[in-house]
Structures are given as structure tokens and as C-alpha cells.
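There are 2 protein chains.
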Amino acid sequence: MTQSTTEAIAALARSARIASRQLRSLSTAAKNEALEAIAAALTQRSGEILAANEKDVERGRASGMSAGLLDRLTLTEERIDSIAQACRDLTALPDPVGQRTGYQLPNGLKVAQVRVPLGVIGMIYEARPNVTVDAATLALKSGNAVLLRGGSAAKDSNEVLCAVMREAIAGVGLPADSITSIDAYGREGAQALMEARGLIDVLIPRGGRELIDTVCTTAQVPVIETGTGNCHVYLHADADPADAQRIVLNAKTHRVGVCNAAETLLLHAGFEPARDILQALSKAGVTLHVDERAAEIARGLPGVTAATEEDWATEYLSLDLAVRVVDSLEEALSHISAYGSGHTEAIVTASLDARAAFTEGVDAAAVMVNASTRFTDGGQLGLGAEIGISTQKLHARGPMGLSALTTTTWLIEGEGHVRD
Amino acid sequence: MTQSTTEAIAALARSARIASRQLRSLSTAAKNEALEAIAAALTQRSGEILAANEKDVERGRASGMSAGLLDRLTLTEERIDSIAQACRDLTALPDPVGQRTGYQLPNGLKVAQVRVPLGVIGMIYEARPNVTVDAATLALKSGNAVLLRGGSAAKDSNEVLCAVMREAIAGVGLPADSITSIDAYGREGAQALMEARGLIDVLIPRGGRELIDTVCTTAQVPVIETGTGNCHVYLHADADPADAQRIVLNAKTHRVGVCNAAETLLLHAGFEPARDILQALSKAGVTLHVDERAAEIARGLPGVTAATEEDWATEYLSLDLAVRVVDSLEEALSHISAYGSGHTEAIVTASLDARAAFTEGVDAAAVMVNASTRFTDGGQLGLGAEIGISTQKLHARGPMGLSALTTTTWLIEGEGHVRD
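Quick note, the sequences are listed as chains A and B, same order. Reading the first sequence from the start, the letters are residues 1 to 420 in the numbering used here. Reading the second sequence from the start, the letters are residues 1 to 420 in the numbering used here.
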């Protein structure tokens, strides 16, 4: 990496730090006003945004980008409206900054922990212009400045979106440097961001496995790992048959390209409705990757193939499901412990003992009892907005809302107190 | 690094993981029984421990270890008693595991966030055998397994301490692999620990700047950065003179080798009692590293030297203090922002406006108002025990007690709920 890129990113990070000092002490009303200004500007300037996006989409199409990625990259008038609406929705959410808990010590010292913004947040993501607005506005509402690296595939869209947001917040008196794109510095800029120790407070990668692995193993700044979900649904011997079928179908087929979709089904040996459930999955277009015992249950169904060791570890993100028969809850837990990614694990059971053993034994961001894995989602759980789903254990675990973008300060007030 | 070290550390981490699964669901009573067993074993086997420690101390002395480090390395009957007492004190602390907050969604889903252990914790520290017991027992009380890398200088002591603790907990039915030393694998072992992605949940370095920097920039696993404190005391124009003098003296001289000691004094221009305060510091044996205006105030006092740019950034950990005169609270904030390490910053003032401006403007783990910086300490703040003082913003900030060694799981209970 060239020295000049490192210096350029450091300079941008320092400007973001200065902006963040102003953001720290803004009132909730002032932040909401800025969010409204962004929403209005996005709608007003949608022509400009769509024109820039068109360039990205054409470039993507020409370079043979997959249909799925192209769809994520594409903006429409309607999508811009919904992005603007999401900004407005943020104004209704409670502001975590300033929340406090406290107590007084026997020596008279008043002790409080006060919630404050993290400061400067780095985001690295791929080909999703909506994340540009999403990340910037969640950061703003929680009092943080952001440095955004949105990837070359969406660079024209991101450039205009950042310009629109910067002008909108400057128009209501906030520092433009609260929102900064570093896309112009390419991969070297991303690398410099990962190494900007002391200059940024946290780096959040959002995207595919490869991107996240690179950031987690390379970054010298604190990282929040997000997003990979190898989620299991375990149908216990005592599962209600109708619940079992509804939950498995929903977890697998409701939306396949997302991290909270189910990827492996664990069937308790002898669970009677298993055949009907596999049939329903097959009918829904799901390819079943089965172990030997599941193969017997699935015999004759279309779309069945033998599972290999690799299947247990695969996040398909498609209409594929690995299926294994287990003899006990303990065996289900062992399988999950060996192959799970710590995202979401579900059990369907009517047994209170099984429910307790499963929830005690599973180590994951979210554990579902008689509910679809698809509920691991900030919106579904009432957080109102989500910056990502953390699959690490530090700081935030599971869906991250506004308060995941804050930290605390110990505020200690004395009257000349010293230590003996 | 050799492949075999990587594999050996991975194997130890996997055994620790298995142990951590048992620890997860232990009752508080069972964990307390294990802590009592450790305390008893330390006292009973103090002869063995002292003999091993003697070897470390002799080696340290022979290799020219500094007096301060030798003191930290040395165990005595009395010190072992106080380490054992600290184990017993832990039994009285509330167990964070199992604490929950929750709510019910309009669709009937019951949502809870339940506090659970992190899992497997790695500790890298230097020449301090007391940390071996401290880290292992804090981890145990919070339901975690630990891998300990205590450094070659204390390897004989650590080996015996680990053996004593492993046997003690095995004696009450807990897995011995809850506590594992990796000292036998030397520097390569430490390196492998830092790269054990997916095998350990968090790595906590404790020690000098160099150790912490190495871990933070090298590790591929989540790290909690601890301990560097370039702490400031700002004497505002409206400070009570007696409070000001008492606080500055306490912050600088109460104990000099610790991260919450003051390293820079910021004097408001024209603050009358400044001369008396510098005189008192000088009399207490403090060398004052002064800027030009502070030099005028300090004229004629013994132990005064001109400050260089480097002084503002130095954590002396000795009877040295940098002193600078500032014209405004804003200038004090700028200085702290430029040179502070985000540990503890103090203001002495009788002005409510100054107090508010300072606490709003400073970005640090702890902010003291009319109190000594020395209060940033888990024991002092009522946490009961402390694994370290975090100077990063993610997960835990400031003194970290037992709950900093836990995370949460979302527990979502439905009755066949699926997403529309």
C-alpha cells in the first residue's frame, strides 16, 4: 500500500473524528431534523441518484454480475422512497445516547455509566447502495461519524448518495464530514481503513463470507463480525407435527438468500411425521442433502441427494437443505456445536425438558423454541432498525440496533475525594 | 511457527471448549464450591508454590530483571494468603450468568436476552503469577474456561499454580481442562493463541504497552484492549484550592506504577493556587516537566525540567508529571483529545458549566469530577473484582468485572410462529 493512501485515509478519519465530537452532544431533535433532511433530499434528487446507479448497473451487467447481485445493486424510484422512509422511521426510535444507570458509593462518590456514541465507525460492504444510507443514518442517529467503503461495483451510486447526504446535513448545520465515502481510494483505501489503529473505533463488515473473513483476519482495529448463518432446525421426538412442518418450511423457503434461513434439518429418529415434512419440502422445490438414515425416510422423493461431510458445514443460501437423523437431543447438540456458526438454532418440541436442555446446551446468538429461525432480525424483534447481525460474542450478539453503536463512560462525581 | 504448535494449541482450545460446555450450566453454588477448593489448595500447597516461585525469582535476578518486575514476580506466604482470600471473596459476588431481560411481542413471541458465559477466554500476561489465579477464578465464576499464557519469566510458578487449581476443581467434580496453561509452548504458543480463530472467544492481554500493541495488531481473534493510561488532571479557574491540591497529589503520588495515576497536569491560566500546588508536588518528590508558562509558575522549585512534545504523550508510571498552562477549558479538551489514551480524565472545578462542558467533551473510559483519577478501579467502584481496565470502546469500557466476561443469547419462544 502506498504511504499516500494511508495518509489520505488518516486525514479523512481525523476529519470524521472532529465531526464526531460535534455529533456527540447533539440533541435528539437536531439529529432527527438531519434525518428528515436526508429523507427529503433523497426523494428530491432521485433523478441524479438513479442516473448514477444506472452506470453501476450497466457496468455490472457488462462484467457478467449474477442476477442476484444485480438486483441488490439496482435502485428504483420505489426503492429510493423506501430508503427515505427508513430514514424517517429512525426519527421515531429512542435515542440511546445519554441513557444512564448509577449508584452512590458509601464514601459519597456518585457513580454513573452514561451511554455515549462510539465515535468513528468504519463500514466495509459490497454492491449495496441501500447500505450506504442505512449505515450513515443509523450512525447519525446514534451520534457517530462514518467512513464508508461500499465497493467499486456501486461506486457511482455511493458517490451521489454520500454527496446528497452530506449536503442535506450541512444544510441543517451538521458537519458534512459526519458522512464520508472512501470509495475513491479503492482496495488500498479499504486496507488503510483496516489498519487505521487509533483513528476509527470500530469496523463493521457486511457482505459475503470472504469479505468478512478478510476483515476479521486483517484488521488491526476492533471489528464486529456479522452475518454468516449455518442455522439448524431440530425436530425433537415430541414436536407438534403441524408446528414442525410449518416452521421448517418457513425457515428454509421464506427467503433463501439470508443469514437466518435454515440450512440443516436434524430429525429425531422415529419422528413419525418426518416423511410428510420431507415430502412438503421436496414439493416446495427444496433439494434435500440426506444422510443414510434420512435417505430411507426420503426414499422415492424427487430432489434428494446424498450428503457429504461438506454439506453439514455449508451455508447454501439457496433451496437446498442438509438433513440428518439423530438419536438424541445430545447428538443434535453435538452436531450443532461441530458445524453451527453461532447464529440461530431452533428446536421444535412440546417437551419442557427438551426445551430446557436445548436452550442450555446451544451456544448461539439466538435460540428459537417453536419458532422459525427467520425471527432473528432487528425489525422482527422490535429493535426498529438493524446495522447487522453479530455472530461474535463481544459487544453485541445477534441483531444490532442503535444501542450497539454506542458505548458507555463511567462518570464519577466527588467532592474532593481521594484514595486512602 | 511450526504446524505442530498450532495443532497443539488447537487441541488444548478444543478441550477447553468441551470443559466450557460443562461450566455453562453449573449452578452458582457449584462454582463457589470450586473457588473454595482452589483457595484451600493454594494455602495447603503453598510450600510447593513458593519453591517453584523461588526458581523464577532466581532466574529473574540472574538475568538482571528490574526491582519492580522482581517484586511483581515474587510470591510470599502472605501474598499466597491474599490470593486465596481473593478467591473466597469471589464467592460472595453475584453470578451474572442467567440474568435476563425480556418482553413479549404483539404477535405473542416471548423474547429474552439471557446472560451466558463467553466460552473460552485466552489471557496473555507477563511475569505476574497472581494474574494466573486471578484470571482463572474470575473466568470460573463467570462460567468460562481459560487458556493462560503467563510468560517464561514466571513459568515455574504458573505451572504449579495451574496444577494446583486443576486438581482442586477436579476434586469437586469440575473438568480440569477449565484451566489450562500454554506456557510450555513458549512464544509460538502465544502466537498460535492469537491466531486461534473460531477456537477462542476473546483474548485479553494484560501488561506493558508493547505486549498490548503486539496482541492488538497481530491477533485474528476478538481482543479486549486493556490498560494504558495517560491520564490528565485539569484544574479549572474555579477549582477549590484545597480540593485541587489534594486531588493532584493523590492522582500522581498515591501509587505511581499504575494505569490510573495522573501523568499530565493542565493548569488554567491565572489559577492562583498553582504555585502552591507545584511546590507541594515538588516537595513530594515529583519531577515536573513544564511548558514555558508553567516554568514561570514553578521558578526556583527543585526538580523542574522543560517539557518536550514527547512528554505530553508519555505514560511515566513514575514520580514525573507533565505540566501545561491552558487558557480555556476548550484548550484543555483539545490537549486531552490529542494526547489522552482514553483511560481516565479529571476536572477539578466548582463551576457547574465547566463540569458539564468537560464531561460532554471528553471521550474516555472514565471522567472524574472533583475526584482522583485513582478511583478508576473495579474494587473502588464496587465491582468486587476486576479482570482489567478496558481502554477500548467495544464490549466493555473501563474496569471490567464478572459481567464483562459474559455475553447474551436471544431466547425466542413461540407456539409454532413463522414469518409472513
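From the three backbone atoms N, C-alpha and C, an ideal C-beta is built for every residue, glycine too.
Residues of the stretch 387 to 401 of chain B with Cβ closer than 8 Å to any Cβ of chain A, in chain order: Gln392, Lys393, Leu394, His395, Arg397, Gly398, Pro399
Beta carbon proximity, Gln245 of chain B to chain A, threshold 7 Å: no
Bridge partner(s) assigned by DSSP for Leu411 of chain A: A:Ala112, B:Val367
Gly150 of chain A, enclosing alpha helix (DSSP H) - first and last residue: It is not in any alpha helix (DSSP H) - Gly150 of chain A carries neither H nor E in the DSSP assignment.
Whole alpha helix (DSSP H) elements within the stretch 208 to 243 of chain B, 4-residue minimum: 209 to 218
Cβ-Cβ distance between Val326 of chain A and Glu345 of chain A below 7 Å: no
Any C-beta of chain A under 7 Å from that of Val202 of chain B: yes
Rounded Cβ spacing between Ile389 of chain B and Ala404 of chain B (contact assumed at less than 8 Å): At roughly 10 Å, the Cβ-Cβ gap does not stay under 8 Å, so Ile389 of chain B and Ala404 of chain B are not in contact.
Three-state secondary structure assigned by DSSP to Ala284 of chain B: coil
Inter-stretch contact at 8 Å, needing at least 3 Cβ pairs: the stretch 242 to 250 of chain A / the stretch 396 to 414 of chain A: no
Residues near Glu33 of chain B in its chain [Cβ-Cβ closer than 7 Å; skip 5 each side]: Val172
Cutoff 7 Å: Ser372 of chain A Cβ touching any chain B Cβ: yes
Contact with chain B by Ala332 of chain A, beta-carbon distance below 7 Å: no
Counted within 10 angstroms of its Cβ, other Cβ atoms place Glu225 of chain B as buried (16 or more) or exposed: buried
Below-7 Å beta-carbon distance, Glu78 of chain A vs any chain B residue: no
Contact between the stretch 204 to 222 of chain B and the stretch 174 to 182 of chain B (3+ Cβ pairs under 8 Å): no
Members of the stretch 164 to 196 of chain A that neighbour chain B once the beta carbon cut-off is set at 9 Å: Glu195
The beta strand (DSSP E) enclosing Arg206 of chain A, as first and last residue numbers: 202 to 206
One or two residues paired with Glu126 of chain A in a DSSP bridge: Glu126 of chain A pairs with nothing; no bridge assigned.
Thr217 of chain A at chain B interface by Cβ criterion, 7 Å: yes
Element boundaries [beta strand (DSSP E), containing Tyr103 of chain A]: 100 to 104
Residue burial classification, Gln191 of chain B (beta-carbon count within 10 angstroms, cutoff 16): buried
Residue interval of the alpha helix (DSSP H) (run including Gly47 of chain B): 46 to 62
Residue span of the alpha helix (DSSP H) that contains Ala262 of chain A, given as start and end: It is not in any alpha helix (DSSP H) - Ala262 of chain A instead sits in the beta strand (DSSP E) that spans 262 to 268.
Nearest to Lys283 of chain A (by Cα), restricted to the options A:Arg17, A:Val146, A:Asp320: A:Asp320
Buried versus exposed, by CB contacts within 10 Å (16 or more), Ser157 of chain B: buried
Reference Ile124 of chain A, options A:Asp420, A:Ala154, A:His395, closest by Cα: A:Ala154
Beta-ladder partner(s) of Pro117 of chain B, from DSSP: B:Thr406
Given 8 Å, three or more beta-carbon pairs between the stretch 345 to 357 of chain A and the stretch 230 to 239 of chain A: yes
Option nearest Asp134 of chain B by Cα separation, candidates B:Leu42, B:Pro96, B:Glu210: B:Leu42
Exposure of Ala306 of chain A, with buried meaning 16 or more beta-carbon neighbours within 10 Å: exposed
Near-chain A residues of the stretch 223 to 255 of chain B - C-beta to any C-beta below 9 Å: Val223, Ile224, Glu225, Asp240, Ala242, Asp243, Ala244, Arg246, Ile247, Leu249, Asn250, Ala251, His254, Arg255
Contact with chain B by Ala366 of chain A, beta-carbon distance below 7 Å: yes
Option nearest Ile38 of chain A by Cα separation, candidates A:Ala136, A:Gln3, A:Ser4: A:Ala136
Straight-line gap, Ala350 of chain B to Ser334 of chain B (C-alpha atoms, nearest Å): 21 Å
Nearest candidate by alpha-carbon position, reference Leu352 of chain A, set A:Val116, A:Pro205, A:His236, A:Gln3: A:His236
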